[in-house]
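Counting with full-length UniProt numbering, you get residues 1 to 107 for the letters of the sequence shown. Ideal Cβ positions, reconstructed from N, Cα and C, are used throughout, including at glycine. Computed from a predicted structure; not experimentally measured. Step one of this worksheet: look at the structure below.
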Amino acid sequence: MAQHIGSSSQFEETVKNQSSEKVILADFYADWCSPCRKIAPVVEELASTYQHCMTVVKVNVDSHEELSDKYEVRQMPTFVFIKDNEEVDRFIGSSEDTLRERVKRNC
């Protein structure tokens, strides 16, 4: 199951503590974003299927502007893959096939 981020410090702690063991998939979304809502069930499914190698965190861009700025999120949904505290991949959009392929590649 994907974790909803409540604070920037929670996000940073998750990345710091888990990105050496697992890939972190940060899903930057907005409640008003139709493509974000469309892909949300797929994100939840992937979080469950790949929990052995990936932690999924959901970041609401309206609540966490500082994280959106830090990761230069300009469109939603934006998916940022983080490993060892470094961004290793990025995908923008709601293509289910592309998201699945990127998860398989990075996990």
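Determine which residues share a DSSP beta bridge with residue i and list them.
i	result
N60	Y29
Rounded to whole angstroms, what's the CA-CA distance from residue i to residue j? Just pull it up for me.
i	j	result
E44	G93	16 angstroms
E12	R105	24 angstroms
V89	R74	Note that residue 89 corresponds to Asp in the displayed sequence, not to Val. When rounded, the distance between both Cα atoms is 16 angstroms.
H4	A26	10 angstroms
C107	H64	26 angstroms
C36	A30	7 angstroms
R102	Q18	19 angstroms
A47	A2	6 angstroms
T49	V57	15 angstroms
E72	F91	12 angstroms
Just to confirm my understanding: we take residue i, look at its own chain, exclude 5 residues before and 5 after, and list those with CB closer than 7 angstroms. What are they?
i	result
I39	P77, S94, E96, L99
V15	I24, I82, N85
S68	F28, V61
C53	K22, V23, C107
Within a Cβ cutoff of 6 angstroms, which residues of the same chain sit near residue i, ignoring the five residues on either side of it in sequence?
i	result
S20	D84
V59	I5, A26, F28, L67
T55	Q18, K22, I24
V42	E96
Once the 5 residues before and after residue i are set aside, which same chain residues still bring their CB inside 8 angstroms of it?
i	result
E87	Y71, V80, F81
S8	H64, E66, L67
- [ ] Would you list, in sequence order, the uninterrupted beta strand (DSSP E) runs of no fewer than 3 residues that lie entirely inside the UniProt domain "Thioredoxin" (1 to 107)?
- [x] Fully contained in the UniProt domain "Thioredoxin" (1 to 107) are the following beta strand (DSSP E) runs of length 3 or more, in chain order: 23 to 29, 54 to 60, 78 to 83, 86 to 92.
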